[in-house]
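The structure appears below as structure tokens.
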Amino acid sequence: MADSAYVGRSAASNGLSRLRAWWVSLPGVLWIVGFLVALVLLLPVAYLLLRALGAGDAAWQELVSARTARILGRSLWLAFCVTLSCALLAVPLAWLTVRSDLPLRRMWAVLTPLPLVIPSYVGAYLMISVLGPRGLLQHWLEPLGVQRLPDIYGFRGAFLVLTLLSYPYVLLSTRVALSRMNPAMEEASRNLGSGPWRTFWRVTLPQLRPGLVAGGLLVTLYVLRDFGAVSLMRYSTFTRAIYLQYQSSFDRTMAAILALVLVLITLIILAIEMRTRGRASYYGGDVGSVRPAVTIRLGHWRWPSCFFCAAVVTLGLFMPAGVLLLWLVRGIRIGVDFSSLLGAALNSLVTSGAAAGLSLLAAIPVAVLSVRHAGRASGIMERIAYSAFALPGMVVALALVFFGAKFARPLYQTMAMLLLGYLILFLPQVVGALRAALLQLSPSLEHAARTLGRGPLGVFSTITLPLTWPGMVAGVVLVFLTAMKELPVTLMLSPLGFSTLSTSVWSAVSEAFFALAAAPALLLILLSSLPMALLVLRERETIA
Amino acid sequence: MKEIAVQCEGLVKTFEDAGALSGLNLLVLKGEIMALIGPSGCGKTTLLRLITGVTEPDAGLIVIGGKPVVGPSGLVPPERRRVGMVFQNYALFPHLSVAANVAYGLKGPDPHEKVRAMLQLVNLVDHANRMPHELSGGEQQRVALARALGPQPDVLLLDEPFSNLDAGQRVQVRNEVRAILRMGGTTAIFVTHHQEEALFMGDRVAVQNQGRIEQTGTPDEVFGNPATRFVAEFMGETDFLPGEVTSEGVQTEIGMLQPSNEISMGAQVDVAVRADDVYISPDPSSGAIVLAREFRGMVNVYRVRLPSGRFIHSLQRHTVQIAPATPVRVIMEPGHGLTCFSGSQS
Chain A
1 MADSAYVGRS AASNGLSRLR AWWVSLPGVL WIVGFLVALV LLLPVAYLLL RALGAGDAAW
61 QELVSARTAR ILGRSLWLAF CVTLSCALLA VPLAWLTVRS DLPLRRMWAV LTPLPLVIPS
121 YVGAYLMISV LGPRGLLQHW LEPLGVQRLP DIYGFRGAFL VLTLLSYPYV LLSTRVALSR
181 MNPAMEEASR NLGSGPWRTF WRVTLPQLRP GLVAGGLLVT LYVLRDFGAV SLMRYSTFTR
241 AIYLQYQSSF DRTMAAILAL VLVLITLIIL AIEMRTRGRA SYYGGDVGSV RPAVTIRLGH
301 WRWPSCFFCA AVVTLGLFMP AGVLLLWLVR GIRIGVDFSS LLGAALNSLV TSGAAAGLSL
361 LAAIPVAVLS VRHAGRASGI MERIAYSAFA LPGMVVALAL VFFGAKFARP LYQTMAMLLL
421 GYLILFLPQV VGALRAALLQ LSPSLEHAAR TLGRGPLGVF STITLPLTWP GMVAGVVLVF
481 LTAMKELPVT LMLSPLGFST LSTSVWSAVS EAFFALAAAP ALLLILLSSL PMALLVLRER
541 ETIA
Chain B
1 MKEIAVQCEG LVKTFEDAGA LSGLNLLVLK GEIMALIGPS GCGKTTLLRL ITGVTEPDAG
61 LIVIGGKPVV GPSGLVPPER RRVGMVFQNY ALFPHLSVAA NVAYGLKGPD PHEKVRAMLQ
121 LVNLVDHANR MPHELSGGEQ QRVALARALG PQPDVLLLDE PFSNLDAGQR VQVRNEVRAI
181 LRMGGTTAIF VTHHQEEALF MGDRVAVQNQ GRIEQTGTPD EVFGNPATRF VAEFMGETDF
241 LPGEVTSEGV QTEIGMLQPS NEISMGAQVD VAVRADDVYI SPDPSSGAIV LAREFRGMVN
301 VYRVRLPSGR FIHSLQRHTV QIAPATPVRV IMEPGHGLTC FSGSQS
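Just so you know, the protein sequences line up as chains A and B, in that order.
Here the first sequence is numbered in our numbering, starting from 1 and rising by one per residue.
Here the second sequence is numbered in our numbering, starting from 1 and rising by one per residue.
In structure tokens:
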């Protein structure tokens, strides 16, 4: 039996032994990996700061100019409008495809997230080719005496394209949250005297918040960092301004200044998000496990709901696909050479797959630490991961080109560099998805597994992983799809002569050879649709 | 002397909100059921988390089965502590069947026989292939128990295991659980905030308050001779009556009462009076008045206002019916000494 002196000594020597225990424990390993990931993510910002500090007064003048203020205003307004309209589209779509007896529910469930596979530059180009001056629509309307259509360029066009392409981010994360939610809570609300609408607003929606916020944040940042759509729509937000700056002069300092402002805005948005996140935890069922939810009958709303889904899918998917097919047919008619397509497709698959796997491995420590070891350090780590999403691909590419040329010559223009760029770009998506899934897993399950004799790794592989993998798969699929259509980083960091589907599309479009762009663009959409369809089918399995 | 199963000394754990520990000591002997009782926020759950090892204390020592798990020699991780736990929400793995849940903690070449034996113990053999959500609350509870007992832990922790069960199930399940623990001679720490449950389940009872153990003893000791005011109040409905110590006993407004503990002559004390020691009978000349009757089925509890304005409670058979506003005489015939606490608080 220990005497009291022994107890006294324990406090004094606890420090060292605790440190030893920490190093060999799993959290220790997680912290080390997480720290390394954070360092890599900070690399581009470090480059930007280096450039800006080297510029002096000229940079300062540019920073406080009216032009910068206008760019700032445009960027924020566009991001706000697109995020809001995405949530308004995605929440009803998620609810309809998960919980209601919508006609052809499974089909809508597969189709509604698909616009995600359309690159923003392709979407913008196709919209211009339909709605723009001398576009298809005007061509069809001309016999009716229509001389001019409302101008599609500027805010209007950018807003429309970005909303239709990015609402699936909110849709997917909301759907995962809906399918993991304990229906007993809704039943409790109905039982407490609330009608279905009140229940939705007071119980369902608040519970969807982690998923909704994660998705909405992805959209806001998607808009802020989008380059393709705003460029083609000639709406000068930060990314376009940065690119023009970079193109028009060889001085990269100005681009760096604007990019730093963009990073700052994102950090502010992230701070707001952190404040609104709330303190509630969102574990699923307290007792036993979650039962499947009851399907809700739509009644008279069946067909209006169906029409709503059809309208969204038509605008976001069928119309672009139809226009693409039109261009493809024209291309075949004029005899375009498609032989280089296969190699590009293979390159796209391999690099995107590798990027997805790498991002998952890097995201696990960050997500686990921020949920299960919540604290100042893990919070900062998570913020760094999110803020990396704010970096426009062009800036990440520039930073890595600079870094590669100066400090990592052997890596310059290699596959490793390209993957590093992807990792920096896509990690936040996986972290967001993992967090949402982990937040709904009751910690007492992991605790129970520990007391039953499993070590941290054993618990992770037998309990955490099997119960959170829908969220993980969602994250990985998102990365895979986004990497497929990613452009600036692929363009600038690929090894010489390495062409992917997205670079093929870009070079064709930039040469205004639209018929040549159609084939790789369509292939891109088809390839990206496969894992997405699988994901949706799996999702239905776990719900049904 | 019996072997010590669990020893906690000087445990300190600081939290901003409720649940902190401030120098907690606890000794659990091998083979006994220790009922740990206290109000919510007193740190019961924190203590369990420290013993299982998912949280580490700021200071202090924990020894389990003679082996220090927290102390100068470092920390033993949860999976090597041989501590079993039954969770309040059962924490059954929703993706595993009943049998797979029980098998989860078992090692060795053929856990099948062991799983069967464990399910036999809790009488759930025919439910082996069900999924957790297909079971009733009581059945989930038994699966959780079988799962925790499977690896034959040195000590089993039960965190308010009956709080999710309805009253009827509760009595039945707790009898079953007690029998199962007895059968295997299991050492257990049973956490609850129900005094009746603690008195029934525990070989000994530890009363925890504000991060400390205020008293440890057999159920009779803790109930009959509370060490502190808090224990007296928490373990049974207790009123405190001020009085002065004389040579014949303690003089209070309801008469002379006999103290059970040593107190010095002339001191002002508060006597702890339990409702079952107070007898009342209608008496028009008395200054004490019945304010309300609380009907509890087998008994009535009367709330009585004394002439001084103080309240006292009296427990009577259900056949004794006295209408509110009736003046009553208060008669004390406890047949045992009453615990006195020094320093009148009013």
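Glycine is no exception: its CB is placed at the ideal position from the N, C-alpha and C atoms.
* To do: Tell me whether Tyr90/B sits in a helix, a strand or coil according to DSSP, three-state version.
  => coil
* For Val83/B, return the contacting residues in chain A, with the cut-off set at a CB-CB distance below 9 Å. => Thr451
* What are the start and end residues of each continuous alpha helix (DSSP H) run of 4 or more residues lying completely inside the segment 426-479 of chain A, in chain order? -> 443-451, 456-459
* Measuring only between beta-carbons, confirm whether Gln169/B sits less than 9 Å from chain A. => Chain A contact via Cβ: absent.
* **Residues of its chain near Gln140/B, where Cβ-Cβ distance is below 7 Å and the 5 sequence neighbours each way are ignored** => Tyr90, Leu92, Pro132
* So is Gly31/B in contact with chain A if we call contact Cβ pairs under 9 Å? -> no
* Asked: By DSSP, does Pro44/A sit in helix, in strand, or in coil?
  -> helix
* Asked: Below 8 Å, can you find three or more Cβ-Cβ pairs linking the segment 486-495 of chain A to the segment 436-445 of chain A?
  -> no
* To do: For Ile334/A, name the three-state secondary structure that DSSP assigns.
  => Assigned with DSSP and collapsed to three states, Ile334/A falls in coil, not helix or strand.
* Could you give the residue range of the alpha helix (DSSP H) that holds His112/B? -> 111-121
* Asked: Using DSSP with H/G/I as helix, E/B as strand and the rest coil, what is Arg81/B?
  -> In this structure, DSSP gives Arg81/B a state outside helix and strand, which the three-state scheme calls coil.
* Could you tell me which of Leu317/A, Ala449/A, Cys86/A sits nearest to Val219/A, measuring between CA atoms? => Proximity to Val219/A across Leu317/A, Ala449/A, Cys86/A peaks at Cys86/A, based on C-alpha coordinates.
* **Environment of Glu79/B [buried if 16+ CB atoms lie within 10 Å]** => buried
* With 16 other Cβ atoms within 10 Å as the buried cut-off, status of Met256/B -> exposed
* Classify Asp220/B as buried or exposed, calling it buried when 16 or more other Cβ atoms lie within 10 Å of its own Cβ. => exposed
* Alpha-carbon to alpha-carbon, Leu75/B and Pro520/A -> 58 Å
* When burial is assigned at 16 or more other CB atoms within 10 Å of the CB, is Met233/A buried or exposed? -> buried
* Asked: Are Val122/B and Leu145/B closer than 9 Å when you measure CB to CB?
  -> yes
* Tell me which same chain residues have a C-beta within less than 7 Å of the C-beta of Ala362/A, skipping the five on either side of it? -> Val37, Leu423, Leu427
* Asked: In chain A, which residues lie less than 7 Å from Gly105/B when you measure between Cβ atoms?
  -> Leu452, Gly453
* **Pairwise C-alpha distance: Gln316/B and Arg303/B** => 11 Å
* Can you name, in chain order, every residue of its own chain whose Cβ lies under 7 Å from the Cβ of Arg454/A, other than the five neighbours on each side? -> Apart from the 5 residues on each side of it in sequence, Arg454/A sits with its Cβ closer than 7 Å to the Cβ of Thr462 in its chain, given in chain order.
* To do: Identify which residue in Val63/B, Thr246/B, Leu50/B has its Cα closest to the Cα of Gln268/B.
  => In terms of Cα proximity to Gln268/B, the closest of Val63/B, Thr246/B, Leu50/B is Thr246/B.
* Output, in chain order, the set of chain B residues within a Cβ distance shorter than 7 Å of Ile463/A. => The answer, in chain order, is Phe93.
* Asked: For chain A, is any of its Cβ atoms less than 9 Å away from the one on Thr52/B?
  -> yes
* Name the two residues that bound the continuous beta strand (DSSP E) containing Ala59/B. => For Ala59/B, the enclosing beta strand (DSSP E) stretches over residues 59-64.
* Three-state secondary structure assigned by DSSP to Arg204/B -> strand
* Pick out the complete beta strand (DSSP E) segments inside the segment 200-278 of chain B, 3 residues or longer, and give them in chain order. => 204-209, 212-217, 238-246, 249-252, 255-257, 268-274
* Can you give the Cα-Cα distance for Gly73/A and Ala388/A, rounded to whole angstroms? -> 22 Å
* Asked: Can you tell me the Cα-Cα spacing of Glu294/B and His373/A, whole angstroms?
  -> Approximately 48 Å between the Cα atoms of the pair.
* Residue environment, Asn101/B, which counts as buried when at least 16 other CB atoms sit within 10 Å -> It counts as buried.
* Taking DSSP as the reference, what is the three-state secondary structure of Gln7/B? -> strand
* Asked: Is the Cβ-Cβ distance between Gly60/B and Gly23/B less than 9 Å?
  -> yes
* Would you mind working out which of Leu369/A, Ala90/A, Val430/A sits nearest Gly34/A, comparing C-alpha positions? => Leu369/A
* To do: Would you kindly work out how many angstroms separate the C-alpha atoms of Thr218/B and Val205/B, rounded to a whole number?
  => 6 Å
* Under 7 Å Cβ-Cβ, which residues of chain B neighbour Ala448/A? -> In chain order: Met85, Phe87, Ala91.
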